[in-house]
Amino acid sequence: MKAILLAGGKGTRLRPLTIHTPKPIVPIFDRAFLHYQIDLLKQVPEIDEIVLSLNYQPRRIEEIFGDGSALDIRIRYVVEPAPLGTAGAVKYAGDNLTGSVVVFNGDVLTQIDLGSVIRLHRERRAKATIVLTPVENPSAYGLVETDADGNVARFLEKPRPDEITTNHINAGIYVLEPDTFDRIPSAVPWSIERSYFPSLVERGETFVAYVYNGYWIDIGTPDKYLQVHRDIMDGRFAAPPFANMPPPRASVSPDARVEDGATIEGPCFIDAGVVVKGGARIGPYSVIGRQTQIDERATIEGAIVWPNCRVSEEAVVRNAILGRHCHLGRSVTLDRGAVLGDKTTLTDYTRA
Ligand code: GDD
Ligand code: MG
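According to my numbering, the sequence shown is numbered sequentially starting from 2.
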């Protein structure tokens, strides 16, 4: 069985982080995001190949995962000549498929048992099965109404406030039968959410919902990107190195150098090659990427700093995200949710 990962979006809501790093490979701690999804897909013995459907900066992604042999799974890449939308991408990537296919949005992190979704799909002899998850505000997602038998009765992408009738949304995880792909036109952009799903409902095809109440998040905005790190540090989502780590859960690489007089407060993550100078404070929910240097008396708290940055003395970085190779001058204060692109330099005493 094949799994198609839709990973061709531009990641606009995560800009400027995604200008040089496509969303599927933004780091979560020290691993590219797709590693977490590949781990999940590998738990289903039946899945023998993962097809990465790419568009934006595909080379960067291919360089990381190769043919998958290092991860013990077969990985194939399909690069669209131009963005085809979510349905167009599935059709393009799944051109000569015969059996059921698992389709996954390339930006969701979850612990769902995919095996049981596939089982439900088979039991119900469905043409499509979709995973639903409850959220507080469905407006940024696809709203899905179901009937008493657990079939999808209505699919409405990005509902307006007055259109919200349920808190169940599309979790971006499907099992599909390729004989339904004939309605997807070739070579023009087509949306799975706005066209393909509504057409299944319209034609009365067996379109089944699987409700999942466990951990689920779409990492596609700066807030959610921060949140996912916090959830892993707090153990809400089990992943290395925090799973089963006793409090205060400060993960400090043996190859980092924390000088005397520096304070490290967990939960936090300090990667290899990091230098933390005396008097600096790494507070809870901080993530410091490889080779970054935090100078004397600087404070990092609830912030994510990508590799190769320099935070100069007495700077304060709270709840912010810094791309690679950023340089903050002395006494810079970032405490309003700033998101800095790679190679940003801020002059001494800047406030933002
Ligand atoms: N290959 C390819 N080509 N991939 C694409 C394209 C395309 O043209 N457009 C989007 N994608 C990929 C993105 O990379 C992402 O992984 C996934 O498809 C979904 O796109 P997003 O842009 O992240 O959509 P969204 O988050 O606004 O909404 C979608 O996900 C929600 C759940 O997180 C929809 O599927 C909603 O219905 C759903 O609730
Ligand atoms: Mg998304």
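Note that beta-carbon positions come from the ideal geometry of N, C-alpha and C, so glycine has one too.
Worksheet item: Using the C-alpha atoms, what's the distance from Ala-299 back to Gly-2?
Response: For the purposes of this step, residue 2 is taken as the residue at position 1 of the sequence shown. For the purposes of this step, residue 299 is taken as the residue at position 298 of the sequence shown. Note that residue 2 is Met in the sequence shown here, rather than Gly. Take the alpha-carbon of Met-2 and the one of Ala-299: they are about 51 Å apart.
Worksheet item: Which class does Arg-14 belong to by DSSP, given the choice of helix, strand or coil?
Response: In the sequence shown, counting from the first residue as 1, residue 14 sits at position 13. In the three-state reduction of the DSSP assignment, Arg-14 falls in the helix class, which pools H, G and I.
Worksheet item: In or out: Gly-215 buried (at least 16 other Cβ within 10 Å) or exposed?
Response: Within the sequence shown, numbered from 1, the residue matching residue 215 stands at position 214. Exposed is the call here.
Discussion item. Can you look up Ala-33 in the DSSP assignment and give me helix, strand or coil?
Written reply: Within the sequence shown, the letter at position 32 stands for residue 33. If DSSP states are grouped into helix, strand and coil, Ala-33 belongs with the strands.
Worksheet item: When the Cα of Glu-178 is compared with those of Pro-241, Ile-185, Val-102, which residue comes out closest?
Response: Mapped onto the sequence shown, residue 178 falls at position 177. Looking at the Cα atoms, Val-102 is the closest of the given residues.
Worksheet entry | Pro-135, enclosing beta strand (DSSP E) - first and last residue | Here residue 135 refers to the residue found at position 134 when the sequence shown is read from its first residue. Segment 129 to 135, the beta strand (DSSP E) holding Pro-135.
Worksheet item: Would you call the stretch 131 to 141 and the stretch 82 to 90 touching, i.e. three or more CB-CB distances under 8 Å?
Response: With a cut-off of 8 Å, the stretch 82 to 90 and the stretch 131 to 141 do not count as touching, because too few Cβ pairs lie within range.
Worksheet item: Counting pairs of beta carbons, one from the stretch 250 to 267 and one from the stretch 9 to 20, are three or more of them closer than 8 Å?
Response: The stretch 250 to 267, when compared against the stretch 9 to 20, does not touch it at the 8 Å Cβ threshold.
Worksheet item: Hey, Gly-303 and Gly-280 are a contact pair by Cβ (cut 8 Å); roughly how many whole angstroms apart?
Response: The sequence position of residue 303 within the sequence shown is 302, counting from 1. The sequence position of residue 280 within the sequence shown is 279, counting from 1. Actually they are not in contact, since the Cβ atoms of Gly-303 and Gly-280 sit about 20 Å apart, beyond 8 Å.
Discussion item. Just to check my reading of the structure: Ile-289 and Leu-227 have Cβ atoms closer than 8 Å, yes? What is that Cβ distance to the nearest angstrom?
Written reply: Taking the first residue of the sequence shown as 1, we reach residue 289 at position 288. Taking the first residue of the sequence shown as 1, we reach residue 227 at position 226. Not really, about 14 Å apart at Cβ, beyond 8 Å.
Item to complete: Would you give the residue range spanned by the beta strand (DSSP E) that Asp-219 belongs to?
Response: The residue you call residue 219 lines up with position 218 of the sequence shown. If you look at Asp-219, you'll find it in the beta strand (DSSP E) that goes 217 to 219.
Worksheet item: In chain order, which continuous runs of the beta strand (DSSP E) of length 3 or greater are located wholly inside the stretch 43 to 103?
Response: Complete beta strand (DSSP E) runs here, min 3: 50 to 55, 75 to 80.
Worksheet item: How big is the Cα-Cα spacing for Asn-171 and Val-212?
Response: Here residue 171 refers to the residue found at position 170 of the sequence shown. Here residue 212 refers to the residue found at position 211 of the sequence shown. Spanning the two alpha carbons is a distance of roughly 10 Å.
Fill in: Outcome for Ile-165 when other beta-carbon atoms lying within 10 angstroms are tallied against a minimum of 16
If you number the sequence shown from 1, residue 165 lands on position 164. Exposed, by the Cβ-count rule.
Worksheet item: In or out: Glu-203 buried (at least 16 other Cβ within 10 Å) or exposed?
Response: Locating residue 203 in the sequence shown gives position 202, counting from the first residue. With fewer than 16 other Cβ atoms within 10 Å, it is exposed.
Worksheet item: Closest to Asp-31 by CA distance: which of Asp-336, Gly-342, Ile-233 is it?
Response: As a first step, residue 31 must be located in the sequence shown, where it is residue number 30. Ranking Asp-336, Gly-342, Ile-233 by CA distance to the CA of Asp-31 puts Ile-233 first.
Worksheet entry | Gln-292 (DSSP reduced to helix, strand or coil) | Residue numbering aside, residue 292 sits at position 291 when the sequence shown is read from its first letter. Gln-292 sits in coil when the DSSP states are folded into three classes, being neither helix nor strand.
Worksheet entry | Pocket of the ligand MG defined by Cβ to heavy atom distance under 5 Å | Listed by position in the chain, the residues whose beta carbon lies within less than 5 Å of some heavy atom of the ligand MG are Asp-108, Asp-219, Gly-221.
Practice prompt. Find the nearest neighbour of Pro-268 within the set Asp-296, Ser-287, Val-45, Val-109, judged by alpha-carbon distance.
Written response: In the sequence shown, counting from the first residue as 1, residue 268 sits at position 267. Nearest Cα to Pro-268 within the set Asp-296, Ser-287, Val-45, Val-109: Ser-287.
Item to complete: Grab the span of the alpha helix (DSSP H) containing His-169 for me, first residue to last.
Response: The residue labelled residue 169 in the question sits at position 168 within the sequence shown. Counting along the chain, His-169 falls outside any alpha helix (DSSP H), though it belongs to the beta strand (DSSP E) covering 169 to 177.
Discussion item. One question on the structure: do Ala-94 and Phe-198 come within less than 9 Å of each other, judged by their Cβ atoms?
Written reply: Position 93 of the sequence shown holds residue 94. Position 197 of the sequence shown holds residue 198. For the pair Ala-94 and Phe-198, the CB atoms are not nearer than the 9 Å cut-off.
Worksheet item: Where do the N-terminal and C-terminal ends of the alpha helix (DSSP H) with Phe-198 fall, by residue?
Response: To locate residue 198, count along the sequence shown from 1; it is residue 197. Phe-198 -> alpha helix (DSSP H) spans 198 to 203.
Worksheet item: So does Asn-171 have its beta carbon nearer than 8 Å to some heavy atom of the ligand GDD?
Response: Here residue 171 is taken as the residue at index 170 of the sequence shown, counted from 1. Checking the 8 Å criterion, the Cβ of Asn-171 is within range of a heavy atom belonging to the ligand GDD.
Discussion item. Mapping the DSSP letters down to three states, classify Gly-1 as helix, strand or coil.
Written reply: Here the chain has residues from 2 to 353 only, and residue 1 is not among them.
Worksheet item: Helix, strand or coil: how does DSSP classify Ser-117 here?
Response: Working through the sequence shown from its first residue, we reach residue 117 at position 116. Three-state DSSP puts Ser-117 in a helix.
Worksheet item: Who are Glu-266's beta bridge partners in DSSP?
Response: The sequence position of residue 266 within the sequence shown is 265, counting from 1. In the DSSP assignment, Glu-266 forms no beta bridge with any residue.
Item to complete: Would you be able to state if there are at least three C-beta pairs under 8 Å between the stretch 69 to 82 and the stretch 97 to 113?
Response: As far as the Cβ criterion goes, the stretch 97 to 113 does not touch the stretch 69 to 82, which means the pair count is below three.
Worksheet entry | Ile-165 - DSSP class collapsed to helix/strand/coil | Within the sequence shown, residue 165 is the residue found at index 164, counting from 1. Looking at Ile-165 - three-state DSSP - the assignment turns out to be coil, as it is neither helix nor strand.
Item to complete: Tell me whether Ile-5 sits in a helix, a strand or coil according to DSSP, three-state version.
Response: Residue 5 sits at position 4 when you count from the first residue of the sequence shown. In the structure shown, Ile-5 sits in a strand (DSSP, three-state: E or B).
Practice prompt. Find out if the Cβ-Cβ distance for the pair Ser-187, Gly-89 is shorter than 9 Å.
Written response: Here residue 187 refers to the residue found at position 186 of the sequence shown. Here residue 89 refers to the residue found at position 88 of the sequence shown. Contact: yes.
Discussion item. DSSP has Ile-322 in a bridge; who is on the other side?
Written reply: Mapped onto the sequence shown, residue 322 falls at position 321. Beta-bridge pairing links Ile-322 to Ile-305, Val-340.
Worksheet item: Could you give the distance in angstroms between the alpha-carbon of Ile-265 and the alpha-carbon of Trp-307?
Response: If you number the sequence shown from 1, residue 265 lands on position 264. If you number the sequence shown from 1, residue 307 lands on position 306. Linking Ile-265 to Trp-307 through their CA atoms gives a straight-line distance of about 18 Å.
Worksheet entry | Span separating the alpha-carbon of Leu-72 from that of Phe-66 | Counting from 1 along the sequence shown, the entry for residue 72 is found at position 71. Counting from 1 along the sequence shown, the entry for residue 66 is found at position 65. C-alpha separation (whole angstroms): 8 Å.
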